[in-house]
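>
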Amino acid sequence: MARTTQPSTADLKKEFDTLKADLGALTSELRAFASAQERSMSQRAADTAASVRDTAGSVTASVRETGEKQLQNLRSTAETVAGNAEDLLKEHPAGAVAGAAAVGFLVGALATRR
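For the record, in the sequence shown the residue sitting at position 38 is 38 according to UniProt numbering, with numbers rising by one throughout.
Below you can see the structure in the form of structure tokens.
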């Protein structure tokens, strides 16, 4: 029967010191990895924020430009309608007076109902 020998205290201490050194090296590696990941994620977050800011700026400019065009179109249409109404009043003044009287009559009728 083969006998196994028990490791000596010195051998155990040597193995323990080796494990301790390996654990220290592993801890250092994990710290370096975590630090690199933190830098990488910070950079990605900064890049994403810059991209969102640029996109928001271009969308804002586009909306502003579209709004200004719509406002110009609305003003043009309002001026055209006002001009047409003025022309109609000049061409048919009696009809304008009759229309105004009808509106006045309706407002008076509605006001007296209450």
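Where is the CB? At the ideal position from N, CA and C, for every residue including glycine.
Could you spell out where the alpha helix (DSSP H) holding residue 40 opens and where it closes?
9 to 91
> Do residue 96 and residue 89 have their C-beta atoms closer together than 8 Å?
yes
> Measuring only the C-alpha atoms, how far is residue 91 from residue 84?
Between the alpha carbons of residue 91 and residue 84 lies a gap of roughly 10 Å.
> Taking the C-alpha atoms as reference points, what is the distance between residue 9 and residue 26?
25 Å
> By how many angstroms is the C-alpha of residue 53 removed from the C-alpha of residue 41?
18 Å
> Alpha carbon to alpha carbon, how far is residue 87 from residue 77? Give it in angstroms, no decimals.
15 Å
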